[in-house]
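>
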Amino acid sequence: MSDDLRLITGALTDAPGLVLEHEPVPADQVVAGAPATGYQALDSSEAGEIGVWEMTPGAMRDVEVDEVFVVLSGAATVEFEHPIADPIMLAPGAVVRLEAGMKTIWTVRETLRKVFISR
Numbered sequence: 001m002s003d004d005l006r007l008i009t010g011a012l013t014d015a016p017g018l019v020l021e022h023e024p025v026p027a028d029q030v031v032a033g034a035p036a037t038g039y040q041a042l043d044s045s046e047a048g049e050i051g052v053w054e055m056t057p058g059a060m061r062d063v064e065v066d067e068v069f070v071v072l073s074g075a076a077t078v079e080f081e082h083p084i085a086d087p088i089m090l091a092p093g094a095v096v097r098l099e100a101g102m103k104t105i106w107t108v109r110e111t112l113r114k115v116f117i118s119r
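Mapping the sequence shown onto UniProt numbering, position 40 (from 1) lands on 40, and the numbers just tick up by one.
#1: Grouping DSSP H, G and I as helix and E and B as strand, with all else coil, what is G93?
#2: Could you pull the DSSP bridge partners for I105 from this structure?
#3: Taking Cβ positions, are A100 and E49 nearer each other than 8 angstroms?
#4: Do the CB positions of R119 and G74 come within less than 8 angstroms of each other?
#5: Given a cut-off of 8 angstroms on the beta-carbon distance, is the pair V115 and F69 in contact?
#6: Anyone know if the C-beta pair for H22 and T56 falls short of 8 angstroms?
Right, here's the structure in full:
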């Protein structure tokens, strides 16, 4: 992470406006379509890492880390394969907590961008 991307006390970081480089989701994680993800770390401390993550339309499987995130833009559904739970609909303003080891399927209908803190 370059120093110019670290969060600076009292300074603004434009999370919705960050330009992210996208990479295709690995084939073994793709469920539908041809999704790609982009990511930018912003800061890290004992509390965890703070960053911005984005996924383009499509569906992918993932195994989660301990994380809390806020959706900035987009629309998606997250299904929980393990532990089994009701799916959640993501839209701007949604706040979600995930635990390490959860197995999920992310189905993105409109490019999804979130800001997160994880461990």
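Heads up, the beta-carbon is just placed ideally off N, CA and C, and yes, glycines get one too. Quantities reported herein were computed from a predicted structural model and do not represent experimental measurements.
In this structure, then:
#1: By one-based count along the sequence shown, residue 93 stands at place 93. It is coil, neither helix nor strand.
#2: As a first step, residue 105 must be located in the sequence shown, where it is residue number 105. According to DSSP, which records beta bridges pairwise, I105 is partnered with R61, E79.
#3: For this step, residue 100 is matched to residue 100 along the sequence shown. For this step, residue 49 is matched to residue 49 along the sequence shown. No; because the gap between Cβ atoms is not below 8 angstroms, this pair is not in contact.
#4: Taking the sequence shown and counting its residues from 1, the one referred to as residue 119 is at position 119. Taking the sequence shown and counting its residues from 1, the one referred to as residue 74 is at position 74. G74 is positioned such that its CB atom lies no closer than 8 angstroms to that of R119.
#5: The sequence position of residue 115 within the sequence shown is 115, counting from 1. The sequence position of residue 69 within the sequence shown is 69, counting from 1. Result yes, Cβ atoms of V115 and F69 sit closer than 8 angstroms.
#6: Here residue 22 refers to the residue found at position 22 of the sequence shown. Here residue 56 refers to the residue found at position 56 of the sequence shown. Judged by their CB atoms, H22 and T56 are nearer to each other than the 8 angstroms cut-off.
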